[in-house]
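Student:
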Amino acid sequence: MLDYIDDKLYIEAVSAESLADQFATPCFVYSKSSILDNYRAYTDSFPSPHRIFYAVKANSNLSILRLLNSLGGGFDCVSGGEIARVIQAGANPKQIIFSGVGKSETEIRTAITLGIHSINIESSGELDRIEYIASELGKDVRVAIRINPDIEADTHSYITTGTKKDKFGVAPLQALELCAKINSWPHIILVGISCHIGSQISSISPFVNALEQILNFVNCNKLQLEFIDIGGGLGVTYQDETPPAIKEYANSILSILGDSTTYLIVEPGRSIVANAGVILTRVEYLKNNFAIVDAGMNDLIRPALYGSYHNIIPASRNEDETHTYNVVGPICESADFLGKDRSLTVKPGDLLAIQSCGAYCASASSNYNSRPRPAEIMVDGENCTLIRKRETIEQLWENEQCDV
Ligand code: LLP
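Residue numbers (numbering that gives the first Met the number 0): 0 to 403.
1) Return yes when the Cβ of Ile200 is within less than 8 Å of the Cβ of Asp228, no when it is not.
2) For the alpha helix (DSSP H) containing Val207, name the first residue and the last one.
3) Between the stretch 321–331 and the stretch 230–237, can you find at least three pairs of beta-carbon atoms closer than 8 Å?
4) So the candidates are Arg84, Leu126, Ile34 and Ser17; which of them puts its Cα closest to the Cα of Gln173?
5) Which first and last residues belong to the beta strand (DSSP E) in which Glu125 is found?
6) Identify the continuous beta strand (DSSP E) that holds Tyr157 and give its terminal residues.
7) Report the start-end ranges of each beta strand (DSSP E) in the stretch 273–353 that is 3 residues or longer and not cut off at the edges.
8) Is any non-hydrogen atom of the ligand GTP found closer than 7 Å to the C-beta of Thr280, if you look at the structure I gave you?
9) Note the first and the last residue of the continuous beta strand (DSSP E) segment covering Cys26.
10) Roughly how many angstroms lie between the CA atoms of Asn382 and Ile86, to the nearest whole one?
11) Helix, strand or coil, according to DSSP, for Ser98 in the structure here?
12) Quick check: does the Cβ of Arg404 come within less than 7 Å of any heavy atom belonging to the ligand LLP?
13) If you scan the stretch 231–265 from start to end, which runs of the beta strand (DSSP E) of 3 or more residues do you find wholly inside it?
14) For a quick check, are the C-beta atoms of Ala88 and Leu113 less than 8 Å apart?
15) Can you name the start and end residues of the alpha helix (DSSP H) that Cys178 belongs to?
16) Note the first and the last residue of the continuous beta strand (DSSP E) segment covering Ala143.
17) From Phe167 to Ile181, what does the alpha carbon distance come to, in whole angstroms?
18) Taking the C-alpha atoms as reference points, what is the distance between Thr160 and Leu285?
19) Compute the minimum distance between the beta carbon of Glu332 and the heavy atoms of the ligand LLP, and state whether it is under 7 Å.
20) Compare the beta carbon distance of Ala352 and Ile312 with 8 Å and say whether it is the shorter of the two.
21) So what's Ala358 in DSSP terms, helix, strand or just coil?
22) Are the stretch 141–159 and the stretch 209–219 in contact at 8 Å, needing three or more beta carbon pairs?
23) Using 10 angstroms around the beta-carbon of Phe45, count the other beta-carbons present and answer buried if the total reaches 16, otherwise exposed.
24) Which residues in the same chain have their Cβ closer than 8 Å to the Cβ of Ser202, if we skip the five residues on either side of it in sequence?
25) If you compare alpha carbons, which of Asp43, Ala19, Leu1 and Asp6 is closest to Ala12?
26) Under 8 Å Cβ to Cβ from Tyr9, same chain only, skipping five residues before and after it: list those, please.
27) Whose C-beta lies closer than 6 Å to the C-beta of Pro92 among residues of the same chain, with five residues either side of it excluded?
28) Would you say Val100 and Ser117 are within 8 Å of each other, going by their C-beta atoms?
29) Evaluate contact between the stretch 26–41 and the stretch 60–75, counting only Cβ atoms and requiring at least three cross-stretch pairs below 8 Å.
30) On a Cα-Cα basis, can you pick out the residue from Leu279, Thr280 and Leu299 that is closest to Ala57?
31) So, Tyr29 versus Val378, is the Cβ gap smaller than 8 Å?
32) Would you mind giving the Cβ-Cβ distance between Gly348 and Arg389, rounded to the nearest angstrom? I have them listed as a contact below 8 Å.
33) Gly79 and Ile51 look like a contact to me (Cβ under 8 Å); what is the Cβ gap, rounded to whole Å?
34) Secondary structure at Lys56, three-state DSSP: helix, strand or coil?
35) Between Cys331, Ser355, Lys346 and Gly357, which has its C-alpha nearest Asn366's C-alpha?
36) Which residue comes first and which comes last in the beta strand (DSSP E) that contains Asp2?
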């Protein structure tokens with residue numbers, strides 16, 4: 000999606016400079032073809048009856064949801080807000096899975112009333128709540144139990160979700176108790192087992208281990224299921240990670256499944272959108288070894304929160320001498336860095352592109368320091384469309400009361 004032509008950076012067929020001139024900075028820019036290619040890599044590698052449910056939390060922009068909906072995809076949602084977004088984007092409720100450890104009564108009521116595909120259950124208390132609401136509404140509910148397989152996913156501790164220490168899912172023994180409860184209740188139908196061990200996983204073995212455990216659980220307990228949901232997708236390359244191709248990962252997973260009639264659900268987020276997006280940002284000042292830019296940790300929280308690496312490249316390349324900079328934002332926190340020790344040739348006013356910003360960036364952005372959230376733009380060949388306007392200053396306080 001990114002290419003230099005005559006030393007000018009292009010996103011598909013549109014130059015970074017022209018995007019910055021038209022939409023100002025900082026802004027998020029996504030490549031439509033890149034999202035489509037990434038998505039199709041999953042649908043090609045996990046052919047029907049297996050199903051892809053995009054993890055909305057990675058990037059919940061309506062245009063992206065609409066694009067994936069047009070391809071017939073499903074959606075993994077973790078809040079009432081995400082469910083509402085997906086419906087707003089035109090999805091059929093039957094394409095929605097509802098995950099998450101803290102589903103509120105209102106959210107569960109909405110999900111059941113809509114008749115979504117299934118709810119991933121994370122605790123006994125949640126199951127009781129679902130049963131109570133389903134009985135009250137007189138509706139059947141399809142559920143999957145999320146098992147915590149106690150597997151290390153070799154990723155950052157904040158995005159490891161499948162070990163005993165984590166709040167997610169239930170241990171296999173407890174899952175059995177939940178199965179027994181479900182069997183005794185007329186409104187609740189067990190259709191699947193789910194499992195999500197973490198995100199940004201760059202090797203196949205943790206996924207294989209998890210699926211083997213789940214299959215073992217299913218077979219030992221002779222469960223008749225529609226599907227096994229193996230959670231999120233593969234990690235991506237931010238710096239020097241070398242995740243396998245989606246096809247290779249799919250083949251390994253599918254070979255474990257053998258000739259079972261149970262289909263797989265995969266909920267990829269990052270690998271669909273991360274490397275389809277950049278943030279364009281201009282250098283405001285140079286000071287000592289700092290390049291101070293107009294994007295901050297409110298736009299891109301990942302380096303501050305996880306110490307994650309995002310490659311930073313110039314919109315115009317030249318052969319001038321490079322210097323080593325910490326690329327930092329305008330936020331009043333020393334954690335507000337976007338990249339440390341980067342070799343760059345820059346001067347104030349120069350435009351930079353921060354790579355791999357399509358996932359968990361715009362969707363995790365905030366108004367911290369009262370900064371309006373940036374514009375988001377989708378590029379499709381030579382065309383670009385504003386898919387989210389930059390927030391205005393007035394929007395910062397539109398929900399606030401001034402007369403107390
Ligand atoms: N399914 C469930 C139940 C999840 O919790 C997640 C991600 C996914 C699917 C999607 O996983 P993926 O394909 O994106 O790896 N903010 C963090 C990432 C948090 C991921 C949380 N769960 C980051 O910026 O790295």
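Every residue, glycine too, gets a C-beta built ideally from N, C-alpha and C.
Tutor: Based on what the coordinates show:
1) Within the sequence shown, the letter at position 229 stands for residue 228. Within the sequence shown, the letter at position 201 stands for residue 200. Cβ distance not < 8 Å, so Asp228 and Ile200 don't count as in contact.
2) Working through the sequence shown from its first residue, we reach residue 207 at position 208. Start and end: Ser204 to Cys219.
3) no
4) Within the sequence shown, the letter at position 174 stands for residue 173. Of Arg84, Leu126, Ile34 and Ser17, the residue nearest in Cα terms is Leu126.
5) Position 126 of the sequence shown, counted from the first residue, corresponds to residue 125. No beta strand (DSSP E) contains Glu125, which is instead part of the alpha helix (DSSP H) from Ser123 to Leu136.
6) Here residue 157 is taken as the residue at index 158 of the sequence shown, counted from 1. First-last for Tyr157: undefined, no H or E at that position.
7) For the stretch 273–353, the full-length beta strand (DSSP E) segments reaching 3 residues or more read 276–286, 289–292, 311–313, 322–327, 336–343 and 350–353 along the chain.
8) With respect to the ligand GTP, the structure shown offers nothing to examine, as its ligands consist of the ligand LLP.
9) Taking the sequence shown and counting its residues from 1, the one referred to as residue 26 is at position 27. Note, Cys26: beta strand (DSSP E), Cys26 to Ser30.
10) Locating residue 382 in the sequence shown gives position 383, counting from the first residue. Locating residue 86 in the sequence shown gives position 87, counting from the first residue. Distance between the alpha carbons of Asn382 and Ile86 is about 27 Å.
11) Mapped onto the sequence shown, residue 98 falls at position 99. DSSP places Ser98 in the coil class of the three-state scheme, outside both helix and strand.
12) In the structure displayed, the chain extends from 0 to 403; residue 404 sits before or after that span and is not available.
13) 262–265
14) Position 89 of the sequence shown, counted from the start, is the residue given in the question as residue 88. Position 114 of the sequence shown, counted from the start, is the residue given in the question as residue 113. For Ala88 and Leu113, no; Cβs fall outside 8 Å.
15) Your numbering for residue 178 matches position 179 in the sequence shown. First-last of the alpha helix (DSSP H) with Cys178: Pro171 to Asn182.
16) What you label residue 143 is simply residue 144 of the sequence shown in a count that begins at 1. Note, Ala143: beta strand (DSSP E), Val140 to Arg145.
17) For this step, residue 167 is matched to residue 168 along the sequence shown. For this step, residue 181 is matched to residue 182 along the sequence shown. If I take the Cα positions, the gap works out to 20 Å.
18) Along the sequence shown, read from residue 1 onward, the residue named residue 160 stands at position 161. Along the sequence shown, read from residue 1 onward, the residue named residue 285 stands at position 286. Computed Cα separation, rounded: 40 Å.
19) Numbered from its first residue, the sequence shown carries residue 332 at position 333. Glu332: no, Cβ never under 7 Å from the ligand LLP.
20) The residue labelled residue 352 in the question sits at position 353 within the sequence shown. The residue labelled residue 312 in the question sits at position 313 within the sequence shown. A contact, by the Cβ cut-off of 8 Å.
21) To locate residue 358, count along the sequence shown from 1; it is residue 359. DSSP places Ala358 in coil when its eight states are reduced to three.
22) yes
23) For the purposes of this step, residue 45 is taken as residue 46 along the sequence shown, with counting starting at 1. When all chains shown are included, Phe45 counts as buried.
24) On the sequence shown, residue 202 is found 203 positions in, with the first residue counted as 1. Taken in chain order, the residues that qualify are Asp153, Pro242 and Pro243.
25) One-based indexing of the sequence shown puts residue 12 at position 13. Of the listed residues, the one whose Cα sits closest to Ala12 is Leu1.
26) What you label residue 9 is simply residue 10 of the sequence shown in a count that begins at 1. For Tyr9, where only same-chain residues beyond five positions count, the Cβ hits under 8 Å are Leu1, Asp2, Tyr3 and Ala15.
27) Translated into positions along the sequence shown, residue 92 becomes position 93. Closer than 6 Å at the Cβ level, and outside the excluded window around Pro92, lie Leu113, Gly114 and Ile115.
28) Here residue 100 is taken as the residue at index 101 of the sequence shown, counted from 1. Here residue 117 is taken as the residue at index 118 of the sequence shown, counted from 1. Contact: no.
29) yes
30) As a working note, residue 57 is residue 58 in the sequence shown. Of the listed residues, the one whose Cα sits closest to Ala57 is Leu299.
31) As a working note, residue 29 is residue 30 in the sequence shown. As a working note, residue 378 is residue 379 in the sequence shown. For Tyr29 and Val378, yes; Cβs fall inside 8 Å.
32) Residue numbering aside, residue 348 sits at position 349 when the sequence shown is read from its first letter. Residue numbering aside, residue 389 sits at position 390 when the sequence shown is read from its first letter. Contact flag wrong, Cβ pair sits at about 19 Å.
33) Within the sequence shown, residue 79 is the residue found at index 80, counting from 1. Within the sequence shown, residue 51 is the residue found at index 52, counting from 1. At roughly 23 Å, the Cβ-Cβ gap does not stay under 8 Å, so Gly79 and Ile51 are not in contact.
34) One-based indexing of the sequence shown puts residue 56 at position 57. Lys56: helix per DSSP, three-state reduction.
35) Counting from one through the sequence shown, the residue named residue 366 turns up at place 367. It is Cys331.
36) The count along the sequence shown starts at 1 and reaches residue 2 at position 3. Per DSSP, Asp2 belongs to the beta strand (DSSP E) from Leu1 to Ile4.
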